[in-house]
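Residue numbers (my numbering), protein chains in the order written: chain W, 182 to 763; chain G, 25 to 191. What follows is a set of notes on a single structure, which appears directly below.
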Amino acid sequence: MKTGAKILVEGLQREGVDIIFGYPGGVILPVYDELYDSPIRHILVRHEQAAAHAADGYARASGRVGVCLATSGPGACNLVTGIANAYMDSVPMVALTGQVPTSLLGNDAFQEADITGITLPVTKHSYLVKRTVDVDRVVQEAFYIARTGRPGPVLIDLPKDVTAGQIDEVPPLPEKVHLRGYQPTLKGHTRQIDKAIELIEKAERPVIYAGGGIITSEASGEMVQLAERLLCPVTTTLMGLGSIPCDHPLNLGMLGMHGTAYANYAVTESDLLIALGVRFDDRVTGKLSTFAPHAQIIHVDIDPAEIGKNKKVDVPIVGDLRSVLQTMLHRMKKRDDRKHWLAKVRAWMRKHPLSYKSDGCLRPQYVIQELSNLLKGEGIIVSEVGQNQMWTAQWYCFRNPRSWLSSGGLGTMGYGFPAAIGAHFARPDETVVDIAGDGSFQMNIQELGTVAANNIPVKVVILNNMFLGMVRQWQELFYDHRYSYTELPPVDFVGIAKAYGIDGLRVEQSEEVPSALRTMIETEGPFILDVRIEREENVFPMVPAGAAINEMIGGHVVPERELELAAAEEGDATFRPGRKAV
Amino acid sequence: MKAHTLSVLVENRAGVLTRVSGLFARRGFNIESLAVGASELPGMSRMTIVVIGDDAQVEQVMKQLNKLIDVIKVSDITESEIVDRELALIKVNAEPGSSRSEVMQIASIFRAQIVDVGAKTVVLQVAGDPGKIEALERLLRQFGVKELIRTGKISMLRGAKTVQPTK
Numbered sequence: 182m183k184t185g186a187k188i189l190v191e192g193l194q195r196e197g198v199d200i201i202f203g204y205p206g207g208v209i210l211p212v213y214d215e216l217y218d219s220p221i222r223h224i225l226v227r228h229e230q231a232a233a234h235a236a237d238g239y240a241r242a243s244g245r246v247g248v249c250l251a252t253s254g255p256g257a258c259n260l261v262t263g264i265a266n267a268y269m270d271s272v273p274m275v276a277l278t279g280q281v282p283t284s285l286l287g288n289d290a291f292q293e294a295d296i297t298g299i300t301l302p303v304t305k306h307s308y309l310v311k312r313t314v315d316v317d318r319v320v321q322e323a324f325y326i327a328r329t330g331r332p333g334p335v336l337i338d339l340p341k342d343v344t345a346g347q348i349d350e351v352p353p354l355p356e357k358v359h360l361r362g363y364q365p366t367l368k369g370h371t372r373q374i375d376k377a378i379e380l381i382e383k384a385e386r387p388v389i390y391a392g393g394g395i396i397t398s399e400a401s402g403e404m405v406q407l408a409e410r411l412l413c414p415v416t417t418t419l420m421g422l423g424s425i426p427c428d429h430p431l432n433l434g435m436l437g438m439h440g441t442a443y444a445n446y447a448v449t450e451s452d453l454l455i456a457l458g459v460r461f462d463d464r465v466t467g468k469l470s471t472f473a474p475h476a477q478i479i480h481v482d483i484d485p486a487e488i489g490k491n492k493k494v495d496v497p498i499v500g501d502l503r504s505v506l507q508t509m510l511h512r513m514k515k516r517d518d519r520k521h522w523l524a525k526v527r528a529w530m531r532k533h534p535l536s537y538k539s540d541g542c543l544r545p546q547y548v549i550q551e552l553s554n555l556l557k558g559e560g561i562i563v564s565e566v567g568q569n570q571m572w573t574a575q576w577y578c579f580r581n582p583r584s585w586l587s588s589g590g591l592g593t594m595g596y597g598f599p600a601a602i603g604a605h606f607a608r609p610d611e612t613v614v615d616i617a618g619d620g621s622f623q624m625n626i627q628e629l630g631t632v633a634a635n636n637i638p639v640k641v642v643i644l645n646n647m648f649l650g651m652v653r654q655w656q657e658l659f660y661d662h663r664y665s666y667t668e669l670p671p672v673d674f675v676g677i678a679k680a681y682g683i684d685g686l687r688v689e690q691s692e693e694v695p696s697a698l699r700t701m702i703e704t705e706g707p708f709i710l711d712v713r714i715e716r717e718e719n720v721f722p723m724v725p726a727g728a729a730i731n732e733m734i735g736g737h738v739v740p741e742r743e744l745e746l747a748a749a750e751e752g753d754a755t756f757r758p759g760r761k762a763v
Numbered sequence: 025m026k027a028h029t030l031s032v033l034v035e036n037r038a039g040v041l042t043r044v045s046g047l048f049a050r051r052g053f054n055i056e057s058l059a060v061g062a063s064e065l066p067g068m069s070r071m072t073i074v075v076i077g078d079d080a081q082v083e084q085v086m087k088q089l090n091k092l093i094d095v096i097k098v099s100d101i102t103e104s105e106i107v108d109r110e111l112a113l114i115k116v117n118a119e120p121g122s123s124r125s126e127v128m129q130i131a132s133i134f135r136a137q138i139v140d141v142g143a144k145t146v147v148l149q150v151a152g153d154p155g156k157i158e159a160l161e162r163l164l165r166q167f168g169v170k171e172l173i174r175t176g177k178i179s180m181l182r183g184a185k186t187v188q189p190t191k
């Protein structure tokens, strides 16, 4: 005889689960009782939203399926933001929720919520399990669906009588899951690949536009190889950062609303856009009709629904990026005669670098640059959402895939801190730093409790401007400086950390930054660094919503005279074109 | 913008209709009609969905439908040779001695059957393509249509061709 809960936990082990982030409650008790002496580790969070984000961070940092667990009703509802976040960014996750007994379903019972209904638009699939005998099969299917194809969250809703109920014999599972309505295309169509190669060989001004799909399919190596073979510049989306080393000579950094001017110019002037694992999001394209107006487009993605969704594509290829790129590399000749195009791109890099004022004020870009230097671009960097996120994307020198975790599609403030917790358990030997704002950090600040209780060595850098900075920036630029409800009173974050028994430090002067960062990294265990930055610093350049991406505001232009002098810097190995303190 | 007829094969499972109709609502696609019932294949149902949109929108609808795990096959059969049928029940005023005989005459021209006769009304059952049903309803309006119920259209490919799962 086995209970549904035992079958569930054994099923999780079979799927390779070593850690669950969760929060107990009434109807999920049978599962918690089974976890009590299971080898699977459980981390008790302080709010279910954090359980979902931690599972998400675990998944992004490891490439494996993250698991979160909550009780019915409010517990399940608190997971929703985290599930939606994982859905938008295609993160493999299984969310387990308790449910009232089947006999009470639909009766508005205590702590009942129709969680499969509520999460329908934000899950890849979901199950309401009605019989104990189905538990094992559902677990197997859920993990399969979550991690294959375009990954995403799968929810399993477990009524209490299903987990408490017993069956004599668990029906054997198939060796391979077969779902007749779900067969992702992995291998790209040969004729389409041929057409793509033909376009690539003819192109004079190609640009690779790479996104999160490169990270998910572990295709960074292939992508960089392709770029090098073609001498083709690469720009990445927010989700694609880390797929090519920041200081790679072909890397243009991020494109779009807060992308680099040179990436946006290159895309606008390109005659061929090679779009890899991207979805032409509005934050990337700006005004669609003026996005890459001279380019033919090759779009490779595992999800056919993304191809042609926003922008008409000349050569669509549905398939797993890694496999498609391998086939391409196998068949494609070297073409390194595009020096003229590269020279043009390099000239934009020198003329329109990312920049910040180096005037002794404590600027957030400097903090991130110093952290990047200190960690040599290694470690796992997590961000919250807003200015902190964009500054990190612009100024941290990412070198590796899965080293940057950020809420891209949904833009969830409060994501970073719990995601950092998850990332630590995925790769415990890495330094994990959450770069936060004072607004975002306070959205899941209760997780200081989780961090303290488990001595989780995540570091938090709070870029504290006592504002909801990004919204304030929009109010400054587009709403006539009317700062409607965006100012936050000062908070003693170090004091709060202390109350939890966590070390912290406040920094108010630019000169203190390097040593404070060193103290933070060298401190064993968690650490909170409260950095009081210039309050009204903006993220630039910026493409106003709805404008063309080459119509940026606030970018820096280097005067011709300086450009001539700067030519000498090119020989310097540490010189990173396109970024500059001025 | 035109009407597209989709023939969709789905798992016969609780929640499938919600998933399909929810998808249409969420992505802002307009359903003109949706009819669903069991098929000849064990465990599978067939849906006929009529959706209004331009070609790009309908292509996106089909791709999104295909992403649902419970959807097995989606075919756009608008341009194919198809049989279109819809069933309607129409309750119309037909008092003896006044309009009843005229209503019955119209019914017979449309090959509609009278399936219920009351003191003041009759219920007609009519099958045909949606255009025929609309034509009949228009003609009956002068007598007073008290209730109209339509099933939504179902469509099948003509000849030996069928909509089948890919594997």
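Don't be surprised by glycine CBs; every beta carbon is placed ideally from N, CA and C. Note that the structure is predicted; figures quoted are calculated from it, not measured.
Tell me the rounded alpha-carbon separation between residue 171 of chain G and residue 148 of chain G.
The residue given as residue 171 of chain G occupies position 147 in the second sequence. The residue given as residue 148 of chain G occupies position 124 in the second sequence. Between residue 171 of chain G and residue 148 of chain G, the C-alpha separation is close to 11 Å.
Residue 554 of chain W, buried or exposed, once every other Cβ within 10 Å from all chains shown has been counted against 16
Within the first sequence, the letter at position 373 stands for residue 554 of chain W. Burial call: exposed.
Closest by C-alpha distance to residue 514 of chain W, when choosing among W:589, W:446, W:383 and W:495
Locating residue 514 of chain W in the first sequence gives position 333, counting from the first residue. If you compare the alpha carbons of W:589, W:446, W:383 and W:495 with that of residue 514 of chain W, the shortest gap goes to W:383.
Classify residue 238 of chain W as helix, strand or coil using the three-state DSSP reduction.
Looking up residue 238 of chain W in the first sequence gives position 57. It is helical.
Name, in chain order, the residues that DSSP records as bridge partners for residue 140 of chain G.
Taking the first residue of the second sequence as 1, we reach residue 140 of chain G at position 116. Beta-bridge annotation (DSSP): residue 140 of chain G is paired with G:147.
Helix or strand or just coil, what does DSSP make of residue 639 of chain W?
One-based indexing of the first sequence puts residue 639 of chain W at position 458. When DSSP states are grouped into helix, strand and coil, residue 639 of chain W belongs to the coil group.
Sub-8 Å separation of residue 337 of chain W and residue 275 of chain W beta-carbons
As a position in the first sequence, residue 337 of chain W is number 156, starting the count at 1. As a position in the first sequence, residue 275 of chain W is number 94, starting the count at 1. Between residue 337 of chain W and residue 275 of chain W, the C-beta spacing is below 8 Å.
Enumerate, from N- to C-terminal direction, the unbroken beta strand (DSSP E) stretches of 3 or more residues contained entirely within the stretch 615-688 of chain W.
Entirely contained in the stretch 615-688 of chain W, the beta strand (DSSP E) runs reaching 3 residues are, in chain order, 640-645 and 684-688.
Three or more C-beta pairs below 8 Å linking the stretch 43-56 of chain G and the stretch 64-79 of chain G
Result yes; three or more Cβ-Cβ pairs closer than 8 Å.
With a Cβ-Cβ cutoff of 8 Å, do residue 268 of chain W and residue 304 of chain W count as a contact?
By 1-based counting over the first sequence, the position of residue 268 of chain W is 87. By 1-based counting over the first sequence, the position of residue 304 of chain W is 123. Between residue 268 of chain W and residue 304 of chain W, the C-beta gap is smaller than 8 Å, which places the two residues in contact.
Residue 129 of chain G at chain W interface by Cβ criterion, 8 Å:
Within the second sequence, residue 129 of chain G is the residue found at index 105, counting from 1. No, residue 129 of chain G lies away from the interface with chain W (no Cβ there is under 8 Å from its Cβ).
Do you know offhand how far residue 647 of chain W's Cα is from residue 512 of chain W's?
Translated into positions along the first sequence, residue 647 of chain W becomes position 466. Translated into positions along the first sequence, residue 512 of chain W becomes position 331. Going from the Cα of residue 647 of chain W to the Cα of residue 512 of chain W covers about 55 Å.
Runs of 3 residues minimum, wholly inside the stretch 401-484 of chain W: which ones carry the beta strand (DSSP E) assignment?
Here the runs fully enclosed are 415-417, 432-435, 453-457 and 477-482.
Where residue 200 of chain W falls: helix, strand or coil (DSSP)
Working through the first sequence from its first residue, we reach residue 200 of chain W at position 19. Here residue 200 of chain W sits in strand by DSSP.
Runs of beta strand (DSSP E) wholly within the stretch 371-401 of chain W (minimum 3 residues, chain order)
Along the length of the stretch 371-401 of chain W, whole beta strand (DSSP E) runs at least 3 residues long occupy 387-391, reported in chain order.
I'd like to know whether the C-beta atoms of residue 261 of chain W and residue 193 of chain W end up nearer to each other than 8 Å.
What you label residue 261 of chain W is simply residue 80 of the first sequence in a count that begins at 1. What you label residue 193 of chain W is simply residue 12 of the first sequence in a count that begins at 1. For the pair residue 261 of chain W and residue 193 of chain W, the CB atoms are not nearer than the 8 Å cut-off.
Helix, strand or coil: which one does DSSP assign to residue 259 of chain W?
Position 78 of the first sequence, counted from the start, is the residue given in the question as residue 259 of chain W. Correct three-state label for residue 259 of chain W: helix.
Would you say residue 766 of chain W and residue 189 of chain W are within 8 Å of each other, going by their C-beta atoms?
Here chain W covers residues 182 to 763 and nothing more, so residue 766 of chain W does not appear.
Neighbouring residues, chain W, relative to residue 84 of chain G (Cβ below 9 Å)
Here residue 84 of chain G is taken as the residue at index 60 of the second sequence, counted from 1. Result: 486, 489 and 490.
Below 8 Å on the Cβ atoms is my contact criterion, and I expect residue 642 of chain W with residue 710 of chain W to pass it. Report the Cβ-Cβ distance as a whole number of Å.
As a first step, residue 642 of chain W must be located in the first sequence, where it is residue number 461. As a first step, residue 710 of chain W must be located in the first sequence, where it is residue number 529. The pair is a contact, with the Cβ atoms about 5 Å apart (cut-off 8 Å).
Name the residues in the stretch 61-93 of chain G whose C-beta lies less than 8 Å from a C-beta of chain W; which are they?
Only those residues of the stretch 61-93 of chain G whose C-beta falls short of 8 Å from the nearest C-beta of chain W are listed: 80, 83, 84, 87, 88, 90, 91, 92 and 93.
Can you tell me which of W:488, W:580 and W:187 puts its alpha carbon nearest to the alpha carbon of residue 350 of chain W?
Within the first sequence, the letter at position 169 stands for residue 350 of chain W. Nearest neighbour of residue 350 of chain W by Cα position, chosen from W:488, W:580 and W:187, turns out to be W:187.
Sub-8 Å separation of residue 720 of chain W and residue 439 of chain W beta-carbons:
Taking the first residue of the first sequence as position 1, residue 720 of chain W is located at position 539. Taking the first residue of the first sequence as position 1, residue 439 of chain W is located at position 258. Less than 8 Å separates the beta-carbon of residue 720 of chain W from that of residue 439 of chain W.
Hey, quick one: how far does the alpha helix (DSSP H) through residue 252 of chain W stretch, first residue to last?
Taking the first residue of the first sequence as 1, we reach residue 252 of chain W at position 71. Counting along the chain, residue 252 of chain W falls outside any alpha helix (DSSP H), and DSSP gives it neither H nor E.
For chain W, find out if any of its Cβ atoms is closer than 8 Å to the Cβ of residue 55 of chain G; answer yes or no.
Counting from 1 along the second sequence, the entry for residue 55 of chain G is found at position 31. Not one chain W Cβ lies under 8 Å of residue 55 of chain G.
What are the complete beta strand (DSSP E) segments, minimum 3 residues, inside the stretch 315-345 of chain W?
Fully enclosed beta strand (DSSP E) runs of no fewer than 3 residues occupy 334-340 of the stretch 315-345 of chain W, in order along the chain.
For residue 268 of chain W, three-class secondary structure by DSSP:
Your numbering for residue 268 of chain W matches position 87 in the first sequence. Residue 268 of chain W falls in the helix class under three-state DSSP.
Are there 16 or more other CB atoms within 10 angstroms of the CB of residue 186 of chain G, so buried, or fewer, so exposed?
To locate residue 186 of chain G, count along the second sequence from 1; it is residue 162. Around the beta carbon of residue 186 of chain G, fewer than 16 other beta carbons lie within 10 angstroms, which makes this residue exposed.
How many whole angstroms separate the CB atoms of residue 712 of chain W and residue 535 of chain W, which I take to be in contact at a CB cut-off of 8 Å?
By 1-based counting over the first sequence, the position of residue 712 of chain W is 531. By 1-based counting over the first sequence, the position of residue 535 of chain W is 354. Rounded, the Cβ-Cβ distance is 20 Å, inconsistent with contact.
Is the number of C-beta pairs between the stretch 387-402 of chain W and the stretch 420-439 of chain W that are closer than 8 Å three or more?
In this structure the stretch 387-402 of chain W touches the stretch 420-439 of chain W; the number of beta carbon pairs closer than 8 Å is three or more.
The alpha helix (DSSP H) that contains residue 61 of chain G, what's its start and end?
Here residue 61 of chain G refers to the residue found at position 37 when the second sequence is read from its first residue. Here residue 61 of chain G belongs to no alpha helix (DSSP H); instead the beta strand (DSSP E) covers 54-62.
Applying a beta-carbon distance threshold of less than 7 Å, which residues of chain W neighbour residue 52 of chain G?
To locate residue 52 of chain G, count along the second sequence from 1; it is residue 28. Listed by position along chain W, the residues whose Cβ is nearer than 7 Å to that of residue 52 of chain G form an empty set, because the closest Cβ is around 12 Å away.
Reduced DSSP category for residue 709 of chain W - H, G, I as helix; E, B as strand; rest coil:
Numbered from its first residue, the first sequence carries residue 709 of chain W at position 528. DSSP places residue 709 of chain W within a strand segment (E or B) once states are collapsed to three.
When the Cα atoms are used, what is the spatial distance from residue 130 of chain G to residue 116 of chain G?
Looking up residue 130 of chain G in the second sequence gives position 106. Looking up residue 116 of chain G in the second sequence gives position 92. Rounded to the nearest angstrom, the two C-alpha atoms are 12 Å apart.
Residues, ordered as in the chain, of the stretch 311-332 of chain W that lie near chain G by beta-carbon distance below 7 Å
Of all residues in the stretch 311-332 of chain W, only 326 come within less than 7 Å of chain G when Cβ atoms are compared, listed by chain position.
Using 8 Å as the Cβ pair cut-off and three pairs as the minimum, do the stretch 411-427 of chain W and the stretch 485-502 of chain W touch?
Counting Cβ pairs under 8 Å, fewer than three are found: no touch.
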